[in-house]
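Undergrad: In the working numbering, the protein residues as written are 381 to 615.
We treat Cβ as the ideally placed atom computed from N, Cα and C, and that holds for glycine.
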């Protein structure tokens, strides 16, 4: 199921459904330019893409683009600061599956033992901690699709309204996946969701004749917080 209900405001869609899909956010020429710059980047890349893409000038510039900032502000209700970007790049040679999950780990400038934060890990030299729901509800994810994404080539799927249920166990997520009809973010669109609280899966490409989708840039935004570890979120 693909949902692009434009009869409601962006903030209302994210608040009720846990996500919103915005079509035609960027023109084709800007997408092509961004893809070319990311392909030329010297930043380390894994099989799945590029973890700390805010270190790339083109990705960081896009995350601070007034058009994206304005949309993030509409949802957050205040100033929106981008602090993380991740490039996911599936290809015919790199085709992977991620089961239903919530993105709860956030990058931090330093490690502090605070109730509700953890367990901790280090990824590419950066400290990460799994955050509590009270922190995650203040963080917004914007996922920009850079190429065509259709149901057969492994697009992102979202379980609507699961962001209201807090941080869930793997068992609970699996059970919910049998009860909800997933929504698919398709084509070259942007998708907003509350970080860590909506439920996602990244299926494998089901059609070997299609390029495995999707090349996407996932960006995280937050308001200018001064509360707990949220003020230590790292770019």
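How would you label residue 470, buried or exposed, when you count the other beta carbons within 10 angstroms and need 16 or more for buried?
TA: It is buried - the Cβ of residue 470 has at least 16 other Cβ atoms within 10 Å.
Undergrad: Excluding the 5 residues flanking residue 511 on each side, which residues of the same chain have their C-beta closer than 7 Å to its C-beta?
TA: Closer than 7 Å at Cβ, skipping near neighbours: 484, 486, 497 and 576.
Undergrad: Quick one, are the C-beta atoms of residue 417 and residue 438 less than 7 Å apart?
TA: Cβ atoms of residue 417 and residue 438: closer than 7 Å.
Undergrad: So, helix, strand or coil for residue 449, using DSSP?
TA: Correct three-state label for residue 449: helix.
Undergrad: Identify the continuous beta strand (DSSP E) that holds residue 637 and give its terminal residues.
TA: Within the shown structure, residues of the chain are numbered from 381 to 615, placing residue 637 beyond reach of any answer.
Undergrad: Could you tell me if residue 473 is buried or exposed, where buried requires 16 or more neighbouring beta carbons within 10 angstroms of its beta carbon?
TA: Exposed, since its Cβ has fewer than 16 Cβ neighbours within 10 Å.
Undergrad: Among the residues of its own chain, which have a CB less than 7 Å from the CB of residue 699, if the five just before and after it don't count?
TA: Because residue 699 is not part of the residues shown, which for the chain are 381 to 615, the question remains open.
Undergrad: Going by CA-CA distance only, name the one from 430, 459 and 455 that's closest to residue 444.
TA: Closest option to residue 444, Cα to Cα, is 459.
Undergrad: In three-state terms, what does DSSP make of residue 494?
TA: Of the three classes helix, strand and coil, the one that applies to residue 494 here is coil, per DSSP.
Undergrad: Count the other CB atoms, across all protein chains shown, that sit within 10 Å of the CB of residue 412; report buried if there are 16 or more and exposed otherwise.
TA: Residue 412 should be labelled exposed.
Undergrad: Does DSSP classify residue 479 as helix, strand or coil?
TA: DSSP places residue 479 in strand when its eight states are reduced to three.
Undergrad: Buried or exposed: which applies to residue 586, given that a residue is buried once 16 or more other Cβ atoms fall within 10 Å of its Cβ?
TA: Note that residue 586 scores a pLDDT of 45, beneath 50, so its modelled location is shaky; the value from the coordinates is reported in the next line. Residue 586 is exposed by the Cβ-count criterion.
Undergrad: Express the C-alpha separation of residue 419 and residue 446 in angstroms, rounding to a whole number.
TA: If you take the alpha carbons of residue 446 and residue 419, they lie about 24 Å apart.
Undergrad: With distances taken from CA atoms, which of 526, 504 and 480 is nearest residue 488?
TA: The option with the nearest alpha carbon to residue 488 is 504.
Undergrad: Name the DSSP beta bridge partners of residue 525, please?
TA: DSSP, once it has assigned bridges, lists 596 as partnering residue 525.
Undergrad: Can you look up residue 389 in the DSSP assignment and give me helix, strand or coil?
TA: DSSP places residue 389 in coil when its eight states are reduced to three.
Undergrad: May I ask you to report which of helix, strand or coil DSSP gives residue 544?
TA: Reduced to three states, the DSSP call for residue 544 is helix.
Undergrad: DSSP beta-bridge partners for residue 398?
TA: BP columns for residue 398 are empty, so no partner.
Undergrad: Per DSSP, what kind of secondary structure is residue 378 in: helix, strand or coil?
TA: No answer is possible for residue 378: the residues shown for the chain start at 381 and end at 615.
Undergrad: How long is the line joining the alpha carbons of residue 442 and residue 526, rounded to whole angstroms?
TA: When rounded, the distance between both Cα atoms is 12 Å.
Undergrad: What three-state label does DSSP hand residue 601 in the structure shown?
TA: Correct three-state label for residue 601: strand.
Undergrad: Among 513, 391 and 448, which residue has its Cα nearest to the Cα of residue 457?
TA: Closest option to residue 457, Cα to Cα, is 391.
Undergrad: Between which two residues does the beta strand (DSSP E) holding residue 552 run?
TA: No beta strand (DSSP E) contains residue 552, which is instead part of the alpha helix (DSSP H) from 550 to 557.
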